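Participant: In the UniProt record's numbering, the protein residues as written are 1 to 87. Backbone N, C-alpha and C define an ideal beta-carbon position, used for all residues, glycine too. Here the structure is a predicted model, which means the values were calculated and not measured. Before I ask anything, here is the structure I am working with.
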Amino acid sequence: MKPYFESTRIARDESTQEEFEYLTIILWADVCRIEEPAGDDFKNGNAKCVIFMSTESSIWLLAPYAEVAAQWKAYLDGYLVHSPLRN
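Rendered as structure tokens:
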């Protein structure tokens, strides 16, 4: 399991309200929780996922919640099995 996840991030410039997309790599170790968004804050109609980071408030990704959650769970399962705190 890779310790990171590559995806497309979406964001909005608060002063111009312009939306933009860019590639990003997220370290799984920095993820606190993952949510499926209740509303659609962005015009882009693709599937989205909200990731809450320990270093930032939240990141919106153009990725289905189920896909990201499954990968995060696999990372956590692998980490907990190999964690020196559990051995």
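Please state whether DSSP places Ala11 in a helix, a strand or coil.
Facilitator: Residue mapping note: residue 11 aligns to position 11 of the sequence shown, counting from 1. Here Ala11 sits in strand by DSSP.
Participant: I'd like the list of long-range same chain contacts for Ile10, defined as Cβ closer than 8 Å, with 5 residues on each side in sequence excluded.
Facilitator: By one-based count along the sequence shown, residue 10 stands at place 10. Closer than 8 Å at the Cβ level, and outside the excluded window around Ile10, lie Glu19, Phe20, Glu21, Phe42, Asn44, Lys48, Trp60, Leu61, Leu62.
Participant: According to DSSP, simplified to helix, strand and coil, what is Glu35?
Facilitator: To locate residue 35, count along the sequence shown from 1; it is residue 35. DSSP places Glu35 in the strand class (E or B) of the three-state scheme.
Participant: Please classify Tyr75: is it buried, with 16 or more other beta-carbons within 10 angstroms of its beta-carbon, or exposed?
Facilitator: The count along the sequence shown starts at 1 and reaches residue 75 at position 75. Flag for Tyr75 reads buried.
Participant: Under the three-state reduction of DSSP, which class applies to Leu62: helix, strand or coil?
Facilitator: Position 62 of the sequence shown, counted from the first residue, corresponds to residue 62. The answer is coil: DSSP assigns Leu62 none of H, G, I, E or B.
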